[in-house]
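Colleague: I'd like to ask you about the structure that follows.
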Amino acid sequence: MGNVDTKLNFRKAVVQLTSKTQVIDVGDDDFWDQFWSENVSNVQDVFTLIPATEIRTLREESPSNLATLCYKAVEKLVKAVDSSCRTQRDQTTVLNCCRLLTRLLPYIFEDPDWKGFFWSSLPGKDPEEESIPLAHSLLNAINDLLFCPDFTVVSGRKSGPEKAEDLASIDSCEYIWEAGVGFAHSPPRYPHLDSNRTELLKLLLTCFSETMYNPPNDSAFVPNKWIQYLTSTENHHALPMFTSLLNTVCAYNPVGLGVPYNHLLFTDSLEPLVDVSLQILIVTLDHDVSGGAAACEDPSDVLEVLVPILYHLNDSRADQSRVGLMHIGVFILLLLSGERNFGVRLNKPYTATVPMDIPVFTGTHADLLVTVFHKIITTGHQRLQPLFDCLLTILVNVSPYLKTLSMVASTKLLHLLEAFSTPWFLFSAPTNHHLVFFLLEIFNNIIQYQFDGNSNLVYTIIRKRQVFHALANLPSDCSTIAKSLSKKQRKQIPLTSTSTDNVSEIVMEGSHPAQPAEPGTLNATLLETPGIEKMTEKESAHPLSPAISDVDVSKAANGKDQVSSPDQSKKSIVQVSFFFFFLRNDLVSFELLTFLKI
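FYI, in this note's numbering the residues of the sequence shown are 1236 to 1833.
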């Protein structure tokens, strides 16, 4: 009965505030204290007892009273920090002020006329003193209270309330909430501390929501000053707060069956804390990122990110337990590939000495990208097949900017085309032909935009013209398709041959093979694809002596090979260029492929 009476008193105070058109005196503490006294015990009561319509009415008809209510609530939080929030009454006042502001702030943000309200100074300040915006006072108070001993963290000192620690002087790095990054000690957990943290973080998240109420055209250009201040160097709690949020999220381990929203079924103060902590992390880390442009502002930085990502992708490709890491790395590169500066920067020569089990090459970072992607596709496990589209999309995005591909990278691309254009692979799944489209788009972009510097790729395309002949003569009748699929089942050709007569690739010094998967779980993604050594001739691409030329001429005389004249080579290049032009414009048909005999 007493609880009902206290809620009734709170409701009467709300009605009195909204019904009075005259300004209520700021010094009337008896009236204002009704809103943060012990009358309300949870946030649901605040939301129920203060309807949205009455808040909007108060904002429109009595703006001075609404402003005073917010000022007084922030003032109570600041005073609680000054007194170190020592008593139970102070703690109750802080929680009720947080609940009240959490309820009011969205209705202040939705009105453009109130946009500068929280960025004005507190009333009654001496004009000669430095003006502190109300928002800064609120954020400083929240940050201090998040590391308040006996309120949100366990006190490190055994002292009574009369000897409470000064919040302005404590080192918040000693009060990180959870063991993990930057903090090895795991403090004891108390449900009431978790609940208090959750209340404060919800208010903080509400402050960050101002962006949601900006016009759509302004959201991308108007910075969120709340987040800017919280993440700036002016906030000395920024590092311990970030560490606390991160460790709290990463250390969370649901008990029992791990039922989602188990805090609704039984008392669990930790899951709501983890939920709001994760939201704070996402909002603060993502607020100043526009695509991949932020990472590409300094061209040298993006390559420092690229090489470690490629290293971990290559190292994790055969470990099924790290498939999540593979997805994250590929998605980061996919995001970066949409930026022009990223593609241009890939032309920088690769001189790093990162040990990776890939063939040694002399080239650019683009060559490294192609080589690692080829390794992932050809030697990764089957759970990586959904990433093939993303890997080739990355190469498509950067292909118009690749000035010079090495012979190694060019050969890898042609190897992928030969593997993906085999009849049994194309017909084994409805979407496999997309991979061929991506590869042809890569060739088309390079020939169209970077033809002069990519003689290696053009030369490799001409040497492997039989791949395009086979693609042009791809069977379309059901019987031939069925025969191709049955042949695939009978004949299993490994991707990488282990015979001694094949040419072995030289890997980087100090590299080590990728961590293997569990026994019996690793299957190559392209089992029936011929080895790379079978795709390219073993003779040198650039003969160094006349003797080699004589051998080629003698082969041609015996009918075993044919030496192309310069005019024939030029004709082949022109035909390939036309082929990719028609392909880009969706004009390719089987008749056209048959006509363009390279």
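Just so it is clear, CB atoms sit at the ideal spot from N, CA and C, and this is done for glycine as well.
So, helix, strand or coil for residue 1665, using DSSP?
Modeller: Here residue 1665 corresponds to residue number 430 of the sequence shown, with the count starting at 1. Note: residue 1665 maps to coil in three-state DSSP.
Colleague: Just to confirm my understanding: we take residue 1518, look at its own chain, exclude 5 residues before and 5 after, and list those with CB closer than 8 Å. What are they?
Modeller: By 1-based counting over the sequence shown, the position of residue 1518 is 283. Counting only Cβ-Cβ distances below 8 Å, and skipping sequence neighbours, we find 1440, 1443, 1462.
Colleague: Which of the three DSSP states, helix, strand or coil, is assigned to residue 1261?
Modeller: Position 26 of the sequence shown, counted from the first residue, corresponds to residue 1261. Three-state result, residue 1261: coil.
Colleague: Let me check one thing: in DSSP terms, what residues is residue 1418 bridge-paired to?
Modeller: Taking the sequence shown and counting its residues from 1, one reaches residue 1418 at position 183. According to DSSP, residue 1418 shares a beta bridge with 1415.
Colleague: Spell out the partners DSSP gives residue 1388 in its beta bridges.
Modeller: Numbered from its first residue, the sequence shown carries residue 1388 at position 153. The partner list for residue 1388 (beta bridge, DSSP) reads 1384.
Colleague: For residue 1368, list the residues DSSP reports as bridge partners.
Modeller: Taking the first residue of the sequence shown as 1, we reach residue 1368 at position 133. According to DSSP, residue 1368 bridges with 1356.
Colleague: Can you list, in chain order, the residues of its chain whose CB lies under 8 Å from that of residue 1655, leaving out five sequence neighbours each side?
Modeller: Counting from one through the sequence shown, the residue named residue 1655 turns up at place 420. For residue 1655, where only same-chain residues beyond five positions count, the Cβ hits under 8 Å are 1661, 1667, 1670, 1671, 1674.
Colleague: Excluding the 5 residues preceding and the 5 following residue 1565 in the sequence, name in chain order all residues of the same chain whose CB lies nearer than 6 Å to its CB.
Modeller: Position 330 of the sequence shown, counting from 1, holds the residue named residue 1565. Contacts found: 1622, 1625.
Colleague: For residue 1599, write down the residues that DSSP places opposite it in a beta bridge.
Modeller: Here residue 1599 refers to the residue found at position 364 when the sequence shown is read from its first residue. In DSSP, residue 1599 forms a bridge with 1584.
Colleague: Classify residue 1324: buried if its beta carbon has 16 or more other beta carbons within 10 angstroms, exposed otherwise.
Modeller: Locating residue 1324 in the sequence shown gives position 89, counting from the first residue. Exposed, by the Cβ-count rule.
Colleague: Would you grab the beta carbon distance between residue 1475 and residue 1382 for me? Rounded to a whole angstrom, and I think it's under 8 Å.
Modeller: Mapped onto the sequence shown, residue 1475 falls at position 240. Mapped onto the sequence shown, residue 1382 falls at position 147. Contact flag correct, Cβ pair sits at about 7 Å.
Colleague: For the candidate residues 1468, 1341, 1449, 1464, whose alpha-carbon lies nearest to that of residue 1437?
Modeller: Walking along the sequence shown from the start, residue 1437 turns up at place 202. It is 1341.
Colleague: Out of 1320, 1379, 1308, 1260, which has the shortest C-alpha to C-alpha gap to residue 1335?
Modeller: The sequence position of residue 1335 within the sequence shown is 100, counting from 1. Taking only the C-alpha atoms, the option nearest residue 1335 is 1308.
Colleague: Provide the residue span of the alpha helix (DSSP H) that contains residue 1564, from first to last.
Modeller: Mapped onto the sequence shown, residue 1564 falls at position 329. Per DSSP, residue 1564 belongs to the alpha helix (DSSP H) from 1558–1572.
Colleague: In angstroms, rounded to a whole number, what distance separates the CA positions of residue 1465 and residue 1477?
Modeller: One-based indexing of the sequence shown puts residue 1465 at position 230. One-based indexing of the sequence shown puts residue 1477 at position 242. C-alpha separation (whole angstroms): 10 Å.
Colleague: Are residue 1284 and residue 1350 closer than 9 Å when you measure CB to CB?
Modeller: By one-based count along the sequence shown, residue 1284 stands at place 49. By one-based count along the sequence shown, residue 1350 stands at place 115. No. Outside cutoff.
Colleague: How many angstroms separate the CA atom of residue 1561 from the CA atom of residue 1607?
Modeller: Numbered from its first residue, the sequence shown carries residue 1561 at position 326. Numbered from its first residue, the sequence shown carries residue 1607 at position 372. Roughly 12 Å separates the two Cα atoms.
Colleague: Once DSSP output is grouped into helix, strand and coil, what is the label at residue 1594?
Modeller: As a working note, residue 1594 is residue 359 in the sequence shown. Residue 1594 falls in the strand class under three-state DSSP.
Colleague: Which residue's Cα is closest to the Cα of residue 1644: 1616, 1510, 1615, 1678?
Modeller: The count along the sequence shown starts at 1 and reaches residue 1644 at position 409. Of the listed residues, the one whose Cα sits closest to residue 1644 is 1678.
Colleague: Locate the alpha helix (DSSP H) running through residue 1308, then write down its first and last residues.
Modeller: In the sequence shown, counting from the first residue as 1, residue 1308 sits at position 73. Its alpha helix (DSSP H) spans residues 1298–1317.
Colleague: Between the alpha carbons of residue 1839 and residue 1602, how many angstroms are there, rounded?
Modeller: As displayed, the chain neither begins before 1236 nor continues past 1833, which places residue 1839 out of reach and without an answer.
Colleague: Taking a contact to mean a Cβ-Cβ separation below 9 Å, would you say residue 1294 touches residue 1259 in this structure?
Modeller: Here the question's residue 1294 lines up with position 59 in the sequence shown. Here the question's residue 1259 lines up with position 24 in the sequence shown. At least 9 Å separates the beta-carbon of residue 1294 from that of residue 1259.
Colleague: Expressed to the nearest angstrom, what Euclidean distance is found between the alpha-carbon atoms of residue 1282 and residue 1321?
Modeller: Sequence index remark: in the sequence shown, residue 1282 carries index 47 (1-based). Sequence index remark: in the sequence shown, residue 1321 carries index 86 (1-based). Put simply, the backbone Cα of residue 1282 is about 27 Å away from that of residue 1321.
Colleague: In three-state terms, what does DSSP make of residue 1323?
Modeller: Against the sequence shown, residue 1323 aligns to sequence position 88. Residue state, collapsed to three classes: helix.
Colleague: Exposed or buried, residue 1230, counting other C-beta atoms within 10 Å across all chains shown (16 or more means buried)?
Modeller: One cannot answer for residue 1230 here, as it falls past the ends of the chain, which runs 1236 to 1833.
Colleague: Taking only three categories from DSSP, how would you classify residue 1808?
Modeller: Here the question's residue 1808 lines up with position 573 in the sequence shown. Residue placement at residue 1808 is flagged as unreliable, the pLDDT there being 46, under the threshold of 50; a coordinate-derived value is accordingly withheld.
Colleague: Quick one, are the C-beta atoms of residue 1684 and residue 1636 less than 9 Å apart?
Modeller: Position 449 of the sequence shown, counted from the first residue, corresponds to residue 1684. Position 401 of the sequence shown, counted from the first residue, corresponds to residue 1636. Yes; because the gap between Cβ atoms is below 9 Å, this pair is in contact.
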